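Here's the structure, in structure tokens; my notes come after.
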Amino acid sequence: MLNAAEIAVLRQLASEYAQAASLGGQGERRQRWLNLNHLRGERPLVLIDQIPWEEMDVDGSLDCQVRDPYWRGVETNLRQTLYKWRHMPADMVLDPYICLPRPICSSGWGIGVEETLAFSSPETEVKSHHYINQIREPEDIAKIRTPQITLDAAEEAAIVETARRVCEGILPFRMVGMTMHLGIWDSISMWMGVENCYLELMDRPEMMHQLMETLTRGLIDMVGQLNALQAFDIHSHICHCSHTYLEDLPVSEEAVSANAWAFGLAQLFTSVSPAITDEFEVAYMRRVFPLFGAIYYGCCDRLDDRLDVIEKLPQVRKISCSPWSDRERFAANLDRKRYVMSNKPSPAFLATPSLEEDAIRADLRRTIRAAREHDVCLEIILKDISTVCRRPQNLWRWQEIAMEEAQR
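Residue numbers (this note's numbering): 14 to 421.
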């Protein structure tokens, strides 16, 4: 339960958000994303996400006061969103309502992660992982169980009742379901360890096919469960740190996969051949992706050398060009009539006490030039930021530089 003081804190944050979301420029920002996502963008669009928040507070505006875990999460999200809007808005859009996560639970895959961790700092969320192999033999695949998805109706009713008190007279709220993570190789790498994955792909490919078949069937089953609950996200307009506004999605108010975005990736496949990506990722995800309205594909994986393979995947609208991709080759090989080039600048530019502004400009100009030379629609998403050396102003300045370059 929230006390009166906590309700007041949340109402104040909701009021600040409502004021920002009501500004006249929001419509123009939203239209720019619609244009980009429909491959008629006029300039690159810029967003920043996955920030080291423990290094960012300069005035206490990120200090949370609510104790209840659910509503503390809501408070955290509002504070971080408003902070970004004040200091590094780039091309972000604020929808005219607050998104509240629905209480969706999963039983998990029946197999845990065993690991040892190393931290650079006790405050950071960035960790180094050493994973212990949980799938040593084909028989171990039998440990895997299809996750069972549940929605706590009583808890959701309580959330809605509290949300009415928080938002009354300020702005609407919407209950938001799940954006599905289809990068199943992330889970495999945590269950087995990356090196073991590589070895088994070479030594026992039949075992890895058996594993992927089991997990693919499980993903399809999960989509069916979430569809039955109408528990997909069709309101936040964010998928994998990118804005997802489309004129043709959702086509109805049903919160089902056909109206939703999902994201897929196989990051460890950066170090395998395109043929292995085709055999062990694309062949399976081609059965899952058609269930969704749109797909964002890729993350930190290098894809410039295998775009022809990735383009076999249905429903893909955006493809990640990570810092490990050759951006000129990526832009030259991307089908500009089908996909947005979603560039990820290196966050290493922020990992020094002082900014090398000339280097940042040169990096951004190289990307923008490559996209323009090949008439490719481009978004620039700075993410995976581990540190700003406790100088948040450096990140604010990166945003200013990126917007200057995008608007040239």
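For each residue, glycine too, the CB sits at the ideal point set by N, CA and C.
All figures in this text were calculated on a predicted structure; none of them were measured in a lab.
- Boundaries around residue 405 are those of the alpha helix (DSSP H), 405 to 419, since no beta strand (DSSP E) includes it.
- The DSSP-derived three-state label of residue 168 is helix.
- Taking residue 269 as reference, the option from 97, 102, 191 and 345 with the minimal CA-CA separation is 191.
- Annotation for residue 38: the continuous alpha helix (DSSP H) segment containing it runs 38 to 50.
- Comparing alpha-carbon positions, the option among 162, 246 and 150 lying closest to residue 205 turns out to be 150.
- By the criterion of a C-beta distance shorter than 8 Å, residue 42 is surrounded in its chain by 104, 105 and 106, once the five residues flanking it on both sides are discounted.
- Spatial neighbours of residue 274 in its own chain (CB-CB distance under 6 Å, excluding positions within 5 residues in sequence) are listed in chain order as 252, 257 and 307.
- The C-alpha of residue 123 is placed about 5 Å away from the C-alpha of residue 157.
- Excluding sequence positions up to five before and after residue 409, its CB lies within less than 8 Å of the CB of 100 and 101, all in the same chain and listed in chain order.
- The segment 140 to 154 makes no contact with the segment 183 to 198, as fewer than three CB pairs between them are under 8 Å.
- Within its own chain, the residues whose Cβ lies closer than 7 Å to the Cβ of residue 338, once the five positions on either side in sequence are excluded, are 315, 316 and 317, listed in chain order.
- Each residue's CA atom was taken as its position, placing residue 343 and residue 352 some 12 Å apart.
- Nearest neighbour of residue 267 by Cα position, chosen from 303, 378, 239 and 362, turns out to be 239.
- Taking each of 62, 63 and 44 in turn and checking the Cα distance to residue 54, the smallest one comes out for 44.
- DSSP, read as helix, strand or coil, puts residue 180 in helix.
- A direct Cα-to-Cα measurement between residue 298 and residue 336 gives close to 24 Å.
- Cβ contact annotation for residue 169 (same chain, cutoff 8 Å, sequence separation greater than five): 115, 116 and 188, in chain order.
- The segment 275 to 282 makes no contact with the segment 169 to 179; the number of CB pairs closer than 8 Å stays below 3.
- When the beta-carbon positions are compared, residue 46 and residue 36 stay at least 8 Å from each other.
- In this structure, 199 is the residue among 281, 199 and 371 with its C-alpha nearest to the C-alpha of residue 126.
- Bridge pairing for residue 274: 307 [DSSP].
- Every alpha helix (DSSP H) stretch that sits fully inside the segment 316 to 399 and reaches 4 residues is listed by chain position as 320 to 323, 340 to 346 and 370 to 386.
- Between residue 185 and residue 110 a beta carbon distance of about 4 Å is seen, short of the 8 Å cut, so the two are scored as contacting.
- Look at the segment 66 to 118 and you find these whole runs of alpha helix (DSSP H), each 4 residues long or longer: 82 to 100.
- The criterion of a C-beta distance shorter than 8 Å is satisfied by residue 398 and residue 363.
- According to the DSSP secondary-structure assignment, residue 252 is paired through a beta bridge with 255.
- Sequence-distant Cβ neighbours of residue 246 in its own chain, meaning closer than 7 Å and more than five residues away, are 189, 190, 191, 192 and 273.
- If you ignore the 5 residues before and after residue 359, its C-beta comes within less than 6 Å of the C-beta of 336, all in its own chain and listed in chain order.
- Residue 390 counts as buried, since at least 16 other C-beta atoms from the protein chains shown sit within 10 angstroms of its C-beta.
- The alpha-carbon of residue 18 is positioned some 9 Å away from that of residue 79.
- One alpha carbon belongs to residue 293, the other to residue 309, and they sit about 19 Å apart.
- Here the C-alpha atom of residue 167 lies approximately 49 Å from the C-alpha atom of residue 286.
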